[in-house]
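Novice:
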Amino acid sequence: MITIKKNFFYSLLFPLFFLFNTSSTAQDTCDFQIQLEPDINLDLGDSVQLYLAISVPSSSIESVSWSPDSTLSCNDCLDPFASPTENVCYIAMVTDTSGCTLSDTVCIFVQPVAINNLDRSETIVLFPNPSFDYLTVASDIHTLSAIKIFNAFGQLVHIIPEPDKHLQVIRVSELDVGIYYLEAHMENYFARKKFVKH
């Protein structure tokens, strides 16, 4: 069963969708669009509702599925509640009645309650994003001490234990096409950013 949030959520979201959409070009071949909210920082033990906006009426949608679904309240609805105990990226897949399927990803970063004041994600910059061959990580304020890259399933796929202090170039050409997130450790702080590998 598909549930629809109030119309005002979608009417506010879809003008922004076209400004910030970083999904693959496969979305251009379907007659509808989908959009998940930005990534979320969540205190350990808390829950959050995920909102999936779809640009067509529910009668045009054949199915909705989420994965992984073990920490979700439902795996076939638009707006499940998530209660993860560790970092995770959820993938929502939507298929319309003509058989066209789109997907989008939202990552949740789970923090011990006392650690949120150590988040310095605004102090690093990733470019270019999307990236094809190389990704640059820059931090003018803090010294980089380690860099980790995780895939959309939360699996560690690359680590740089001793990066350059303020500017590190990372070769990402061997990574599969998809959505990743980078975790930078900086002295006593950390930062997380999502990037797209094309």
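For the sequence shown, this note's numbering gives the first residue as 198, with consecutive numbering after it. C-beta atoms are modelled at their ideal positions from N, C-alpha and C, and glycine is treated no differently.
(1) Under a three-way DSSP split, which group does T226 fall into?
(2) S270 by DSSP, collapsed to three states: which one?
(3) Where does L372 fall in DSSP's three states?
(4) Roughly how many whole angstroms lie between the Cα atoms of I231 and P254?
(5) Of all the options A335, H339, A279, which has the alpha carbon lying nearest to the alpha carbon of N238?
(6) Would V285 pass as a contact of G351 if the rule is Cβ separation under 7 Å?
(7) In the DSSP output, which residue or residues are listed as bridge partners for L247?
(8) In chain order, what residues of the same chain lie with their CB nearer than 7 Å to the CB of E319, ignoring the 5 residues before and after it?
(9) If I measure Cβ to Cβ from N218 and keep anything under 6 Å in the same chain, skipping five residues before and after, which residues do I get?
(10) Just how far apart, CA to CA, sit V334 and L233?
(11) State whether the region 338-352 contacts the region 291-301, with contact taken as three or more CB pairs (one from each stretch) at a distance under 8 Å.
(12) Taking only the alpha-carbon atoms, compute the straight-line gap between D316 and L275 and give it to the nearest angstrom.
(13) In this structure, how does DSSP classify S398 when only helix, strand and coil are distinguished?
(14) If distances are taken between C-alpha atoms only, which option among I288, P327, H355, P360 comes closest to S336?
Specialist: Looking at the coordinates:
(1) In the three-state reduction of the DSSP assignment, T226 falls in the helix class, which pools H, G and I.
(2) Coil at S270, not helix or strand.
(3) Note: L372 maps to coil in three-state DSSP.
(4) Straight across, the Cα-Cα distance linking I231 with P254 is about 12 Å.
(5) Residue A279 is the option with its Cα nearest to N238.
(6) Yes, Cβ-Cβ distance for V285 and G351 is below 7 Å.
(7) Answer is none; L247 lacks a bridge partner.
(8) Taken in chain order, the list of residues that qualify is empty.
(9) The predicted position of N218 is uncertain, since its pLDDT is 44 and thus under 50; a value taken from the coordinates is nonetheless stated next. None.
(10) Distance between the alpha carbons of V334 and L233: 25 Å.
(11) At 8 Å Cβ cutoff, the stretches do not touch.
(12) The alpha-carbon atoms of D316 and L275 are separated by roughly 29 Å.
(13) Residue 398 lies beyond the stretch modelled for the chain, which goes from 198 to 395, so this question has no answer here.
(14) Of the residues I288, P327, H355, P360, the one whose Cα lies closest to the Cα of S336 is P360.
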